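The listed protein sequences derive, respectively, from chains A and B. Per our numbering: the first sequence = residues 9 to 344. Per our numbering: the second sequence = residues 9 to 344. Have a look at the structure below before the remarks.
2 protein chains.
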Amino acid sequence: MVTITDIAKACGYSRATVSKALNGAPDVKKETIERIRECARELGYHPNAAARALKVGRSYNLGVIFSDSTGVGLTHEYFSRIFESIKAEAERLGYDITFISQNLGTMSMDYLEHTRYRSCDGVVIASADFHDPAIIRLGESKIPTVTLDYTFDSRTAILSDNIRGMDTLVRYVYGKGHRRIAFIHGEMTSVTQKRLASFKKSCMELGIRIPPEYIREAVYHDPRSSGLETRALLELPEQPTCIFYPDDFSYIGGMNELERQGIQVPSQISTVGYDGIHLSEVLRPRLTTYRQNAERMGAEAARLLIEEIEHPDTWLPQQITVEGTLLEGGTVADID
Amino acid sequence: MVTITDIAKACGYSRATVSKALNGAPDVKKETIERIRECARELGYHPNAAARALKVGRSYNLGVIFSDSTGVGLTHEYFSRIFESIKAEAERLGYDITFISQNLGTMSMDYLEHTRYRSCDGVVIASADFHDPAIIRLGESKIPTVTLDYTFDSRTAILSDNIRGMDTLVRYVYGKGHRRIAFIHGEMTSVTQKRLASFKKSCMELGIRIPPEYIREAVYHDPRSSGLETRALLELPEQPTCIFYPDDFSYIGGMNELERQGIQVPSQISTVGYDGIHLSEVLRPRLTTYRQNAERMGAEAARLLIEEIEHPDTWLPQQITVEGTLLEGGTVADID
DNA sequence: CTTGTTTACTTAATCGATTAACCTAATTAT
DNA sequence: ATAATTAGGTTAATCGATTAAGTAAACAAG
Numbered sequence: 009m010v011t012i013t014d015i016a017k018a019c020g021y022s023r024a025t026v027s028k029a030l031n032g033a034p035d036v037k038k039e040t041i042e043r044i045r046e047c048a049r050e051l052g053y054h055p056n057a058a059a060r061a062l063k064v065g066r067s068y069n070l071g072v073i074f075s076d077s078t079g080v081g082l083t084h085e086y087f088s089r090i091f092e093s094i095k096a097e098a099e100r101l102g103y104d105i106t107f108i109s110q111n112l113g114t115m116s117m118d119y120l121e122h123t124r125y126r127s128c129d130g131v132v133i134a135s136a137d138f139h140d141p142a143i144i145r146l147g148e149s150k151i152p153t154v155t156l157d158y159t160f161d162s163r164t165a166i167l168s169d170n171i172r173g174m175d176t177l178v179r180y181v182y183g184k185g186h187r188r189i190a191f192i193h194g195e196m197t198s199v200t201q202k203r204l205a206s207f208k209k210s211c212m213e214l215g216i217r218i219p220p221e222y223i224r225e226a227v228y229h230d231p232r233s234s235g236l237e238t239r240a241l242l243e244l245p246e247q248p249t250c251i252f253y254p255d256d257f258s259y260i261g262g263m264n265e266l267e268r269q270g271i272q273v274p275s276q277i278s279t280v281g282y283d284g285i286h287l288s289e290v291l292r293p294r295l296t297t298y299r300q301n302a303e304r305m306g307a308e309a310a311r312l313l314i315e316e317i318e319h320p321d322t323w324l325p326q327q328i329t330v331e332g333t334l335l336e337g338g339t340v341a342d343i344d
Numbered sequence: 009m010v011t012i013t014d015i016a017k018a019c020g021y022s023r024a025t026v027s028k029a030l031n032g033a034p035d036v037k038k039e040t041i042e043r044i045r046e047c048a049r050e051l052g053y054h055p056n057a058a059a060r061a062l063k064v065g066r067s068y069n070l071g072v073i074f075s076d077s078t079g080v081g082l083t084h085e086y087f088s089r090i091f092e093s094i095k096a097e098a099e100r101l102g103y104d105i106t107f108i109s110q111n112l113g114t115m116s117m118d119y120l121e122h123t124r125y126r127s128c129d130g131v132v133i134a135s136a137d138f139h140d141p142a143i144i145r146l147g148e149s150k151i152p153t154v155t156l157d158y159t160f161d162s163r164t165a166i167l168s169d170n171i172r173g174m175d176t177l178v179r180y181v182y183g184k185g186h187r188r189i190a191f192i193h194g195e196m197t198s199v200t201q202k203r204l205a206s207f208k209k210s211c212m213e214l215g216i217r218i219p220p221e222y223i224r225e226a227v228y229h230d231p232r233s234s235g236l237e238t239r240a241l242l243e244l245p246e247q248p249t250c251i252f253y254p255d256d257f258s259y260i261g262g263m264n265e266l267e268r269q270g271i272q273v274p275s276q277i278s279t280v281g282y283d284g285i286h287l288s289e290v291l292r293p294r295l296t297t298y299r300q301n302a303e304r305m306g307a308e309a310a311r312l313l314i315e316e317i318e319h320p321d322t323w324l325p326q327q328i329t330v331e332g333t334l335l336e337g338g339t340v341a342d343i344d
């Protein structure tokens, strides 16, 4: 490895001067800076992140936490899209990404300890159990953190606009003439609560009454579970004309159940999903859904985290809500 | 942060002894080791990875490269599954994961430089352009590397068994009575070549002739492209009875095209995919496909890489072929 | 009783980069 | 002309952990 000492020898300056030149210190002559940098380039010098981290405490390394009990992790398209954009933005700004977990090999360390172990400058908590004491401890620590879809007091958070997303969908199907709208939601997380509340509120504002049996709980991302709930809805004396699914993948389960019963989408029943995964656009008919702007969420998370890291003095916690867009597919029919 | 010096002060030994005790050196009394470790535990000590990396050159950090020109990266389920399993196995063995890219912020560095910059102990090249000089340079460097689905000379590689996978599928549909089998493949990579050659060889062994117009090139993971090729196949004077798709996602495009033309799967035409993504199992009918064992591939990659890192003297390059399994869905009909 | 060998530590150098403190020569101010 | 300042460096300490080399005490062997 080419070190700063090699450069010092090669161009006849002291290591201190070389270091300062490379960092553009004001007390090194401009020509000297040029000469030293040229020399560094020729030798193929690159700083050693470990040495720098040790000395200055800055590693230019961000931790990310994607931990979910089910272990699916990044195989969810929503999360992999978020991750890709965190990574892209971080790299653009000169930061690497390390995954933070609990328990590395035989040593047991919690998230905060792991973060310190790797001298991460900050952490994006993209998916986690926010009641886990280890997550709370991290959120309350001095280490800069940004959370996604959850807000810690006085910390930066990036939120997907579930309220408006659901409202948009409700008004869209209302506009198409639907009044009997069923809502299959996922497990009761804070995100689910927002979506459900927004659904109910929008319906109320539009003056439509949703009977309680139209509101059903399924499991996110589980087509079997949404298939069962779909069947239950179809068995009701008064069937809904439109079914909301917890997410696009869950729609597949509903779609299968409808197909099995010989029910056509959208001519006989309308459906909408949530997320806007790639699949939703290649199905025929295309699924009408709300596309969360995962790319923007990830990029904002990285950007704000790095801002907090680099300007701790002028930094203020922010809660940013990122809007998505309605993807108008062909699964919602006009009814009169 | 609790350092080794804090422990030394707290329990009255020198820093050297503390370090040796924590690493279980033979020249420290057993009771001393116990006392020091107890003290470390009480103070909540965790080593500083940067300091250790600087001194011993080992970072307990693995680099991974998932770079594809299209930028989809981990949103491919195959790759995200591989990544998840690399990560899980690495963590089990005490290693963290860092993504290696080119161009961090304003500094431009190639893969090898980036790897050195982060003092990664080794690198898994999971997806990359293997003709890229920067990738070749890394593969030829002294740094331990493991590649997936590509073999560098005298290096460890984990290969998905494309030959057997394709052979299994061909024999399966042959067993169902199919003789007119069309093959839509993806862009011509080394993986595609293996699959195509295996397809042709198995057909030949079974004594079936595949007319050249049955073999068509599409774009991996692009339902539009596979839809077009499906249409072209349907326009042939003699239609195939079964269509092979480059991957499960591409099948969606074919499925849509078939549906639009009012052709039922599998009663009128049979189909098979490749990959075994989650989606293939929740579609009705379930897609018959070959599931690549991405979990095992990722875990083996991590395991062998760490073996090379930890036992460089006894290490030998290995090429491991990981078999997948036939997922028998309902898209291939018996014909007589 | 002297010398050699173990045992169980400690001292000090080191990894690569940064930076406070210091130095010298040149320039400016008085 | 002398003092004060500035420009442009250098020296040396430091971050935390490791480890070769050194040391003192305990013990064994001749």
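Built from N, CA and C at the ideal position, the CB exists for glycine as well. Keep in mind the model is a prediction, meaning the values are calculated, not measured.
Practice task
Return no unless some Cβ of chain A is closer than 8 Å to the Cβ of residue 301 (chain B).
Solution key: For the purposes of this step, residue 301 (chain B) is taken as residue 293 along the second sequence, with counting starting at 1. No, its Cβ sits nowhere closer than 8 Å to a Cβ of chain A.
Problem - Own chain partners of residue 341 (chain B) with C-beta closer than 8 Å, once the 5 adjacent residues on each side are dropped - result: On the second sequence, residue 341 (chain B) is found 333 positions in, with the first residue counted as 1. Excluding sequence neighbours, residue 341 (chain B) sits near 184, 274, 275, 278.
Exercise for the section: Would you mind listing the beta strand (DSSP E) stretches within the segment 107-146 of chain A that are 3+ residues and don't spill past its ends, in chain order? Expected result: 130-135
Practice task
With 8 Å as the threshold, decide whether the Cβ of residue 106 (chain B) is near any Cβ in chain A.
Solution key: Indexing the second sequence from 1 puts residue 106 (chain B) at position 98. Chain A contact via Cβ: present.
Handout entry: Three-state secondary structure assigned by DSSP to residue 8 (chain A)
Key = Nothing can be reported for residue 8 (chain A): it is not among the residues displayed for chain A, which extend from 9 to 344.
Practice task
Out of B:309, B:283, B:310, B:110, point me to the one whose CA is closest to residue 297 (chain B)'s CA.
Solution key: As a position in the second sequence, residue 297 (chain B) is number 289, starting the count at 1. Among B:309, B:283, B:310, B:110, the Cα nearest to that of residue 297 (chain B) belongs to B:283.
Handout entry: Reference residue 300 (chain A), options A:333, A:320, A:312, closest by Cα
Key = Against the first sequence, residue 300 (chain A) aligns to sequence position 292. Comparing alpha-carbon positions, the option among A:333, A:320, A:312 lying closest to residue 300 (chain A) turns out to be A:333.
Handout entry: Where residue 6 (chain A) meets chain B, residues with beta-carbon distance less than 9 Å
Key = In this structure chain A extends from 9 to 344, so residue 6 (chain A) is not present and cannot be described.
Exercise for the section: Take the Cβ of residue 309 (chain A) as the centre, count every other Cβ of all protein chains shown within 10 Å, and call the residue buried at 16 or more, exposed below. Expected result: By one-based count along the first sequence, residue 309 (chain A) stands at place 301. When all chains shown are included, residue 309 (chain A) counts as buried.
Handout entry: Length of the line joining the Cα atoms of residue 148 (chain B) and residue 302 (chain A)
Key = Position 140 of the second sequence holds residue 148 (chain B). Position 294 of the first sequence holds residue 302 (chain A). For residue 148 (chain B) and residue 302 (chain A), the distance between alpha carbons rounds to 37 Å.
Problem - Among A:143, A:168, A:77, the one whose alpha carbon lies nearest that of residue 160 (chain A) - result: Here residue 160 (chain A) refers to the residue found at position 152 of the first sequence. Among A:143, A:168, A:77, the Cα nearest to that of residue 160 (chain A) belongs to A:143.
Handout entry: Selection from A:223, A:49, A:96, A:170 that minimises the alpha carbon distance to residue 328 (chain A)
Key = Residue 328 (chain A) sits at position 320 when you count from the first residue of the first sequence. Residue A:170 is the option with its Cα nearest to residue 328 (chain A).
Practice task
Return the first residue and the last residue of the alpha helix (DSSP H) that residue 286 (chain A) is part of.
Solution key: Locating residue 286 (chain A) in the first sequence gives position 278, where the first residue counts as 1. Segment 286-290, the alpha helix (DSSP H) holding residue 286 (chain A).
Practice task
Please report the residue range of the alpha helix (DSSP H) in which residue 238 (chain A) lies.
Solution key: In the first sequence, residue 238 (chain A) corresponds to position 230, counting from 1. Element bounds for residue 238 (chain A): 231-242.
Practice task
Report the partner residues of residue 225 (chain B) according to the DSSP bridge assignment.
Solution key: The residue given as residue 225 (chain B) occupies position 217 in the second sequence. Per DSSP, B:193.
Exercise for the section: State the start and end residues of the unbroken alpha helix (DSSP H) segment that holds residue 94 (chain B). Expected result: By 1-based counting over the second sequence, the position of residue 94 (chain B) is 86. Residues 85-100.
Handout entry: Contact belief for residue 101 (chain A) with residue 81 (chain B) at Cβ below 8 Å, rounded distance in angstroms
Key = Along the first sequence, one-based indexing puts residue 101 (chain A) at 93. Along the second sequence, one-based indexing puts residue 81 (chain B) at 73. Contact flag wrong, Cβ pair sits at about 18 Å.
Handout entry: Integer Cβ distance of residue 235 (chain B) from residue 265 (chain B), believed to fall under 8 Å
Key = Residue 235 (chain B) sits at position 227 when you count from the first residue of the second sequence. Residue 265 (chain B) sits at position 257 when you count from the first residue of the second sequence. That pair is a contact at about 4 Å.
Exercise for the section: Would you mind sorting residue 22 (chain B) into buried or exposed? The rule is 16 or more other CB atoms within 10 Å of its CB. Expected result: Within the second sequence, numbered from 1, the residue matching residue 22 (chain B) stands at position 14. It is exposed - the Cβ of residue 22 (chain B) has fewer than 16 other Cβ atoms within 10 Å.
Problem - Minimum Cβ-Cβ distance from residue 114 (chain B) to chain A less than 8 Å - result: In the second sequence, counting from the first residue as 1, residue 114 (chain B) sits at position 106. Yes, its Cβ sits closer than 8 Å to a Cβ of chain A.
Handout entry: Close Cβ partners of residue 206 (chain A) (< 7 Å) along its chain, the five nearest in sequence each way excluded
Key = In the first sequence, the residue the question calls residue 206 (chain A) occupies position 198. Leaving aside the five residues that flank residue 206 (chain A) on each side, the residues in its chain whose CB is nearer than 7 Å to its CB run, in chain order, 170, 171, 174, 175.
Exercise for the section: Identify the contact partners of residue 54 (chain B) in chain A, using a Cβ-Cβ distance below 8 Å as the criterion. Expected result: In the second sequence, residue 54 (chain B) corresponds to position 46, counting from 1. Simply 115, 117, 121, 124, 125.
Handout entry: Contact under 8 Å by Cβ, residue 71 (chain B) with residue 126 (chain B)
Key = On the second sequence, position 63 is the one that residue 71 (chain B) refers to. On the second sequence, position 118 is the one that residue 126 (chain B) refers to. In this structure, residue 126 (chain B) lies closer than 8 Å to residue 71 (chain B) by Cβ.
Practice task
Could you tell me whether the Cβ of residue 260 (chain A) comes closer than 8 Å to any Cβ of chain B?
Solution key: What you label residue 260 (chain A) is simply residue 252 of the first sequence in a count that begins at 1. Yes - at least one Cβ of chain B is within 8 Å of the one on residue 260 (chain A).
Practice task
Determine the chain B residues that contact residue 59 (chain A) at a beta-carbon separation under 7 Å, and present them in chain order.
Solution key: Stepping through the first sequence from its first residue, residue 59 (chain A) is reached at position 51. Chain B residues near residue 59 (chain A): 62.
Handout entry: Per DSSP, the bridge partner or partners of residue 298 (chain B)
Key = Translated into positions along the second sequence, residue 298 (chain B) becomes position 290. DSSP, once it has assigned bridges, lists B:334 as partnering residue 298 (chain B).
Practice task
Determine whether the Cβ of residue 208 (chain A) lies closer than 8 Å to any Cβ atom of chain B.
Solution key: If you number the first sequence from 1, residue 208 (chain A) lands on position 200. No, no contact with chain B.
Exercise for the section: Closer than 8 Å by beta-carbon distance: list the chain A residues that pair up with residue 9 (chain B), in chain order. Expected result: Here residue 9 (chain B) refers to the residue found at position 1 of the second sequence. What residue 9 (chain B) touches in chain A: 124.
Problem - As assigned by DSSP and simplified to three states, the class of residue 264 (chain A) - result: If you number the first sequence from 1, residue 264 (chain A) lands on position 256. Helix.
Handout entry: Burial state of residue 190 (chain B) (16 or more Cβ within 10 Å)
Key = Taking the first residue of the second sequence as position 1, residue 190 (chain B) is located at position 182. Label assigned to residue 190 (chain B): buried.
Exercise for the section: Could you name the residues of the segment 136-155 of chain B whose beta carbon sits closer than 9 Å to any beta carbon of chain A, in the order they occur along the chain? Expected result: Legend: CB atoms of the segment 136-155 of chain B lying less than 9 Å from CB atoms of chain A are not found in any residue.
Handout entry: Partners in chain A for residue 83 (chain B), counting only beta-carbon separations shorter than 8 Å
Key = Indexing the second sequence from 1 puts residue 83 (chain B) at position 75. Near residue 83 (chain B) (Cβ distances below 8 Å), the residues of chain A are 85, 88, 89, 92, 286.
Problem - Minimum Cβ-Cβ distance from residue 45 (chain B) to chain A less than 8 Å - result: Counted from its first residue, the second sequence places residue 45 (chain B) at position 37. Cβ-Cβ to chain A under 8 Å: no for residue 45 (chain B).
Exercise for the section: Would you please state the rounded distance, in angstroms, between the beta carbons of residue 118 (chain A) and residue 68 (chain A)? I believe it to be under 8 Å. Expected result: Position 110 of the first sequence, counting from 1, holds the residue named residue 118 (chain A). Position 60 of the first sequence, counting from 1, holds the residue named residue 68 (chain A). No, residue 118 (chain A) and residue 68 (chain A) are not in contact; Cβ-Cβ is about 23 Å, not under 8 Å.
Practice task
Please report how far the alpha carbon of residue 321 (chain B) lies from the alpha carbon of residue 14 (chain A), in whole angstroms.
Solution key: Locating residue 321 (chain B) in the second sequence gives position 313, where the first residue counts as 1. Locating residue 14 (chain A) in the first sequence gives position 6, where the first residue counts as 1. For residue 321 (chain B) and residue 14 (chain A), the distance between alpha carbons rounds to 30 Å.
Practice task
Determine the direct distance from the alpha carbon of residue 84 (chain B) to that of residue 33 (chain A), and round the result to whole angstroms.
Solution key: The residue labelled residue 33 (chain A) in the question sits at position 25 within the first sequence. The residue labelled residue 84 (chain B) in the question sits at position 76 within the second sequence. Taking the straight line joining both Cα atoms gives about 45 Å.
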